[in-house]
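Colleague:
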Amino acid sequence: MDLVLTQPQPLLKRISWLDWLFAAALALGAGYAYSQYVDHLSYYERAVLIGAAPTFAWLGWFWKPIKPLMAGIAVLSLFAISLYHGNLARMDQTFFLQYLISSQAAIMWMCTFLVLATVSYWVGLLGRSEFALQAGTWLTWTAVLMGFTGLMVRWYESYLISPSVGHIPISNLYEVFVLFCLVTSLIYLYYEGRYATRQMGAFVLLVVTAAVGFILWYTFDRQAEDIQPLVPALQSWWMKIHVPANFIGYGAFSVAAMTGVTYLFASKGILASRLPKLEVMEDIMYKAISVGFVFFTIATILGAMWAAQAWGGYWSWDPKETWALIVWLNYAAWLHLRMINWVRGPALAWWAVGGLLVTTFAFLGVNMFLSGLHSYGHL
Amino acid sequence: MSTPTRTIQPPGKALYELLSSMRFAVSLLTVIAIASIIGTVLKQGQPYSDYVFQFGTFWFDVFRILGLYDVYHAGWFLVILAFLVVSTSLCIYRNSPAMVKEMRSFREHATDKSLAAFHHKREYASDLPVAVLAQRFEAYLRARRWRLRTRAAEDGGLLIAAKSGSLSRLGYIFAHSAIVLICLGGLIDGNIIFKAQQLLGIKKIEMRDIPENQVPAISRLSMSNPSFRGNVTIPEGSSANVVFINVGDGYLVQDLPFTLALRRFHIEHYPTGQPKAFDSDISIYSPAGKLIKNATVSVNHPLIYDGIAIYQASFGDGGSKLALKVWDLFAPKDQPGNMTGVVHGHTELNTDMGKYRVEFTTFRPFNVEAMGKGPPPLTLKNMRVLGGNPTQGGEGMQNVGPSFEYKLRDAQGQAREYSNFMLPIQIEGRWYMMSGMRTAPNQPFRYVRFPLGPNDTLASFMRLRAAFLNPQLRTEAARRFAATALGGGAANADMRSKLADSTAKMLDIFSQGGFQALGQFIQAKVPKAQQDKAAETYLKVLELASYSLLQSADEQAGVQPPPPGPAAGWFVRDSLNAYSDLFIYGAPVYLQLTHYDQVQSSGFQLTRAPGKNVVYLGSLLLVIGIALMLFVRERRMWVRLRPGSVLLAMSAAKKTIDFEREFAEHSASAEKLVKD
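Just so you know, the protein sequences line up as chains A and B, in that order. Heads up: the first sequence is residues 35 to 413, going by my numbering. Heads up: the second sequence is residues 86 to 761, going by my numbering.
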């Protein structure tokens, strides 16, 4: 008999030396940042900084590929920062910055890789090419690496404009669209690894490509890529947790919806032989909506607490708040529906697809068509 | 033959079944979502007059009765929410006992028969004694943090009943109690008490625009009111001890247990000019007038005092004092009068053209504008066009200094709006005083540019303007122009007098209606083919004659006239444009700001929300509950040990792919466990 079977398996035993090295690097990084900038941070920001280290350590332990990704982001970002010599003008003077890893260049590379990844996934799906599918995966990972590097460097660049202007780059529509691409891609990559199936990438990356299209239009038509200082209402540590939580929700709902689309195709027999089994897709849909629902709930609560501090009430039935509630109710209904077997797979898939429309309206439509206090992204 | 039977339930029981059912819950969630949309489509809490204008009186009344102007406080919406609370509570009441039982039970009394019916089961043969097997399986399960209970079976074997992830059930209770808590907390902070009082006729909203201290007690809420959310605007150096709560198309006055005073309001800016911070320095005084506390509130940094949170909500002008020069535009005098004004106040104005009322609306200490291009070249076509906004479509943001706005209302009650800059603005290298005018609030301002003269004041322009209105000076200037143009020789006397006459005529036309009048004159008197050429000649003559007019006026005033040259030429041209624009300007006066004493005001929102902590507690429970429900999977396992054989069976509340995987893993492990 294998003795290992009766041995306890606590978490710590499953952690390798690499995991410990990763956690140590995070702790060192956070400690360095803390010692350098503690005087400029409010108590809450210190808590966010200290909390970030164990959060990312846990994420790296939970999902192994995050570790090399974060290491890559750190190396590239620090390299870019070292090239600046504290002078923003070097953005257009240094080869690496100008063409590769200044924030704007890196984000453009992210866009490029995401489009290439989408094409690869489709080639792989239609041509039954394992190689093309694998290329899709690698391109997506590279895009995520470049995108996060872009955001990190942008964060630094904002401080080069002026210390008073500097802020985390998740404050306007341009920046959060980049964040959306990254989060959605990452959530997809997680399920791709977890379920060992790459075919769905063709569908999921379509929604990411649409976001890339928006970023490109927003950049070239509206010159929206400029870093703008924060309006007073956004100057709060709440932004650092409210916005990412929200976008994990949006990203997960998007993955669920695109899985729903895939499910509907397969259930009608279209591409069915090339796609994973229906049960697998149903399971991914459920998992993604679960993750999205938890994070969206957290994000909405954080938003309410922020509103209580900035606007004078935790709930004012502002259009953004109301639409957040509508999104929440929609997915609450979805989860209840699934539990009681009232409707079957295709109906749930349709509902998940409809959910993305509701979510998109809450994210974009409210800014475009309705007025309110939460008007931070204008088209 | 069997007859279909239908169990008839008592109505109470049936209602209970319905309200606590999952289907009802799903329908309710959908209904609330749809109802919530209404309030985002129709802008909430606007003045009722806006709605009448938008929908017409019939639909306005229909929507008002349906409560669509304040959906989220409408009776029917609250009833739906009440249904949610009732349904969720009943659901908890109905399911919790079973859930708790499930959580505690190991189901160690499962029979062999029931185990045999399991879908996920596997049987193994084993030579090991039951006791050894039991020990191995127990160790295996405990190592994976399963909780278990072992029971001796009748046939001498054992049954190990194990479970994991029972907290998922606790998640259900947490999440659903949280919804009830959040709704109750929200209800405490809603205006439910006032609603009840209004329904009973104890309180009613005030609709009149009257001073706060004249609002009767029936429209006032006392300090004991447990929750409220109101607004008040306080000018610098003033204070308030009430806030106003908007309800429907009226308001209520909420008395405060303290006096809130605004010492100073200030705005900080980024280097780029965008606002960086809005701060109010406030003081709090006891009702007796004793200073309790000084503090600064800003956006994101409210002050909480005595359970009441004070937020920075808005800002505006609190009655800045303005000192003005009044230039009478259509009188032949070149000296201004004086006037003082207060923003939000008004001043009466008597002019030759009747009585007016100046209503001061805003004052801004600075204006950051993008400076644009200059005016288009003057031709016949655009002779009657007022200059556009100098600050549109240009680049390079810069601060162009203070400005103020006012409405000029005539005796008939008609008003135009004006926006005047205090400092001159440079456009294409020349300096102007800018005054904007518009006839409707939704229009952009169109600007008259009063040119600055050689001594950088308006005096030269105003002198020239007055001279245009002086027939004697015009005639003299026409003579002077003719003499300069044709020389002083006797031979030219006749031509000179003809030219002087026609020039005087032209100056006369221009003085009465500007370029527009001159244009009409040309169109009436000159054949169409030659109009453009004539206009060119007329303009040239007008410019030169106007320079002569300026010389005459300056000499009369004892001032050295500007020497002829490009500068004087531009000044005359700009003066003609400005003078011509006066006929469209629509005001008999130009108000020039000379001094100001800025008084700002700050808008505060004050709230008392005792339900907040209940809502936050509910939120915490909600997150924990949902996470437990969705991320913790409840599974059970039974290992039935008999001499010679082992049966492993598993069940889960939710049959996911993870569960299938886990069953495969455990059944593979069991295979190893049953061997030597």
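For each residue, glycine too, the CB sits at the ideal point set by N, CA and C.
Can the beta-carbon of M591(B) be found less than 8 angstroms from the beta-carbon of Y623(B)?
Modeller: For the purposes of this step, residue 591(B) is taken as the residue at position 506 of the second sequence. For the purposes of this step, residue 623(B) is taken as the residue at position 538 of the second sequence. Result yes, Cβ atoms of M591(B) and Y623(B) sit closer than 8 angstroms.
Colleague: How many whole angstroms separate the CB atoms of A396(A) and W357(A), which I take to be in contact at a CB cut-off of 8 angstroms?
Modeller: As a working mapping, residue 396(A) is identified with position 362 in the first sequence. As a working mapping, residue 357(A) is identified with position 323 in the first sequence. Yes, A396(A) and W357(A) are in contact; Cβ-Cβ is about 4 angstroms, under 8 angstroms.
Colleague: Ordered along the chain, which non-local residues of its own chain (more than five positions away) have a Cβ less than 8 angstroms from that of R746(B)?
Modeller: Start at 1 with the first residue of the second sequence, and residue 746(B) comes out as number 661. Once the five neighbours on either side are set aside, R746(B) has no close Cβ partner at all.
Colleague: Does R469(B) come out as helix, strand or coil in the three-state DSSP assignment?
Modeller: Within the second sequence, residue 469(B) is the residue found at index 384, counting from 1. Residue placement at R469(B) is poorly supported in this model, since its pLDDT is 31, which falls under 50; the coordinates still yield a value, given next. Coil, per DSSP.
Colleague: Taking 7 angstroms as the line, does the beta carbon of Y355(B) fall inside it for any heavy atom of the ligand NAD?
Modeller: The model on display carries no ligand, and the ligand NAD is accordingly not part of it.
Colleague: Comparing alpha-carbon positions, which option in A552(B), D340(B), F259(B) and T436(B) lies nearest L705(B)?
Modeller: Position 620 of the second sequence, counted from the start, is the residue given in the question as residue 705(B). Nearest C-alpha to L705(B): F259(B).
Colleague: What are the start and end residues of each continuous alpha helix (DSSP H) run of 4 or more residues lying completely inside the stretch 685 to 720 of chain B, in chain order?
Modeller: 697 to 716
Colleague: Can you round the beta-carbon distance between V178(A) and L103(A) to whole angstroms, since I take them to be within the 8 angstroms contact cut?
Modeller: Locating residue 178(A) in the first sequence gives position 144, counting from the first residue. Locating residue 103(A) in the first sequence gives position 69, counting from the first residue. Confirmed, Cβ separation roughly 7 angstroms.
Colleague: Report the residues of the stretch 355 to 380 of chain A with a CB closer than 8 angstroms to any CB of chain B, ordered along the chain.
Modeller: T356, W357, L359, I360, L363, N364, A366, A367, L369, H370, L371, M373, I374 and W376
Colleague: For the alpha helix (DSSP H) holding D317(A), just list the boundary residues, first then last.
Modeller: One-based indexing of the first sequence puts residue 317(A) at position 283. First-last of the alpha helix (DSSP H) with D317(A): L312 to A344.
Colleague: Could you check how far apart the C-beta atoms of F546(B) and P539(B) are, in whole angstroms? I think they sit under 8 angstroms.
Modeller: Position 461 of the second sequence, counting from 1, holds the residue named residue 546(B). Position 454 of the second sequence, counting from 1, holds the residue named residue 539(B). No, F546(B) and P539(B) are not in contact; Cβ-Cβ is about 11 angstroms, not under 8 angstroms.
Colleague: Any contact of the stretch 129 to 143 of chain A with the stretch 217 to 226 of chain A, i.e. 3+ C-beta pairs under 8 angstroms?
Modeller: no
Colleague: Against chain A, with Cβ distances strictly below 8 angstroms, would Q299(B) count as a contact?
Modeller: Mapped onto the second sequence, residue 299(B) falls at position 214. So, not an interface residue.
Colleague: To which residues of the same chain is R236(B) closer than 6 angstroms at the C-beta, ignoring the five residues directly before and after it?
Modeller: Counted from its first residue, the second sequence places residue 236(B) at position 151. Excluding positions up to five away in sequence, the list reads E193 and L244.
Colleague: Between which two residues does the beta strand (DSSP E) holding W516(B) run?
Modeller: Numbered from 1 along the second sequence, position 431 holds the residue referred to as residue 516(B). W516(B) -> beta strand (DSSP E) spans R515 to R523.
Colleague: So, does the CB of K280(B) fall closer than 8 angstroms to a CB anywhere in chain A?
Modeller: The residue you call residue 280(B) lines up with position 195 of the second sequence. Judged by the 8 angstroms Cβ criterion, K280(B) is not in contact with chain A.
Colleague: Hey, is H279(A)'s beta-carbon within less than 8 angstroms of any beta-carbon in chain B?
Modeller: Counting from 1 along the first sequence, the entry for residue 279(A) is found at position 245. The amino acid at residue 279(A) is misidentified as His; the sequence shows Ala. Judged by the 8 angstroms Cβ criterion, A279(A) is not in contact with chain B.
Colleague: Kindly indicate which three-state DSSP category T464(B) falls into: helix, strand or coil?
Modeller: Within the second sequence, the letter at position 379 stands for residue 464(B). Residue confidence is low: T464(B) scores 35 on pLDDT, short of 50, so the model does not pin down where it sits. Its coordinate-derived value is still stated next. T464(B) falls in the coil class under three-state DSSP.
Colleague: Taking only the alpha-carbon atoms, compute the straight-line gap between G604(B) and Q597(B) and give it to the nearest angstrom.
Modeller: Taking the second sequence and counting its residues from 1, one reaches residue 604(B) at position 519. Taking the second sequence and counting its residues from 1, one reaches residue 597(B) at position 512. Computed Cα separation, rounded: 12 angstroms.
Colleague: Could you pull the DSSP bridge partners for T344(B) from this structure?
Modeller: In the second sequence, the residue the question calls residue 344(B) occupies position 259. The secondary-structure analysis by DSSP pairs T344(B) across a beta bridge with Y370(B).
Colleague: Listed from N- to C-terminal order along the chain, which residues in the stretch 214 to 225 of chain B have their beta-carbon within a distance smaller than 7 angstroms of any beta-carbon of chain A?
Modeller: Of all residues in the stretch 214 to 225 of chain B, R221, A224 and Y225 have a Cβ within less than 7 angstroms of some Cβ in chain A.
Colleague: Between V170(B) and the rest of its own chain, which residues show a CB-CB distance below 8 angstroms, the 5 nearest in sequence each way excluded?
Modeller: Locating residue 170(B) in the second sequence gives position 85, counting from the first residue. Same-chain partners within the cutoff: I264, V265, C268 and L269.
Colleague: Under a three-way DSSP split, which group does D260(A) fall into?
Modeller: Counting from one through the first sequence, the residue named residue 260(A) turns up at place 226. Coil.
Colleague: In terms of residues, what are the limits of the alpha helix (DSSP H) holding H205(B)?
Modeller: Here residue 205(B) refers to the residue found at position 120 of the second sequence. In the DSSP assignment, H205(B) falls outside any alpha helix (DSSP H) and lies within the beta strand (DSSP E) extending over H205 to A210.
Colleague: With DSSP collapsed to three states, give me the class of Y71(A).
Modeller: Residue mapping note: residue 71(A) aligns to position 37 of the first sequence, counting from 1. Helix, per DSSP.
Colleague: Alpha carbon to alpha carbon, what distance is there between D419(B) and D340(B)?
Modeller: On the second sequence, position 255 is the one that residue 340(B) refers to. On the second sequence, position 334 is the one that residue 419(B) refers to. C-alpha separation (whole angstroms): 55 angstroms.
Colleague: Listed from N- to C-terminal order along the chain, which residues in the stretch 739 to 756 of chain B have their beta-carbon within a distance smaller than 7 angstroms of any beta-carbon of chain A?
Modeller: Those residues of the stretch 739 to 756 of chain B that come within reach of chain A (Cβ to Cβ, closer than 7 angstroms) are T741, I742 and S754.
Colleague: Work out the CA separation of D352(A) and T476(B) for me, nearest whole Å.
Modeller: Taking the first residue of the second sequence as position 1, residue 476(B) is located at position 391. Taking the first residue of the first sequence as position 1, residue 352(A) is located at position 318. Summary for T476(B): the model assigns pLDDT 35, below 50, so the residue's position carries little reliability; its value from the coordinates is reported in the next sentence. In a straight line, the C-alpha of T476(B) is about 34 angstroms away from that of D352(A).
Colleague: Which residues of the stretch 287 to 313 of chain A have a Cβ closer than 9 angstroms to any Cβ of chain B? Give them in chain order.
Modeller: E313
Colleague: Enumerate in chain order the residues of its own chain whose CB-to-CB distance from G242(B) is below 8 angstroms, with the five nearest sequence positions on each side excluded.
Modeller: On the second sequence, residue 242(B) is found 157 positions in, with the first residue counted as 1. Closer than 8 angstroms at the Cβ level, and outside the excluded window around G242(B), lie V215, R725, L726, R727 and P728.
Colleague: Looking at the unbroken alpha helix (DSSP H) that takes in N662(B), where does it start and where does it end?
Modeller: Translated into the one-based positions of the second sequence, residue 662(B) becomes position 577. Taken as a continuous stretch (DSSP letters only), the alpha helix (DSSP H) holding N662(B) covers P651 to Y670.
Colleague: What residues from chain A crowd round Y209(B), counting only those whose CB sits closer than 9 angstroms?
Modeller: Numbered from 1 along the second sequence, position 124 holds the residue referred to as residue 209(B). Ordered by position in chain A, no residue passes the 9 angstroms Cβ test against Y209(B), which lies about 13 angstroms from the chain.
Colleague: For E353(B), name the three-state secondary structure that DSSP assigns.
Modeller: Reading the second sequence from its first residue, position 268 is the one you call residue 353(B). Note: E353(B) maps to strand in three-state DSSP.
Colleague: For R314(B), which residues in chain A fall below 9 angstroms Cβ to Cβ?
Modeller: Looking up residue 314(B) in the second sequence gives position 229. Those within 9 angstroms of R314(B) in chain A are G346, G347 and S350.
Colleague: Identify every residue that forms a DSSP beta bridge with S405(A).
Modeller: Locating residue 405(A) in the first sequence gives position 371, counting from the first residue. The partner list for S405(A) (beta bridge, DSSP) is empty, contrary to what the question assumes.
Colleague: Report yes or no: is there a C-beta of chain B within less than 8 angstroms of the C-beta of S196(A)?
Modeller: On the first sequence, position 162 is the one that residue 196(A) refers to. Answer yes: the Cβ-Cβ gap between S196(A) and chain B drops below 8 angstroms somewhere.
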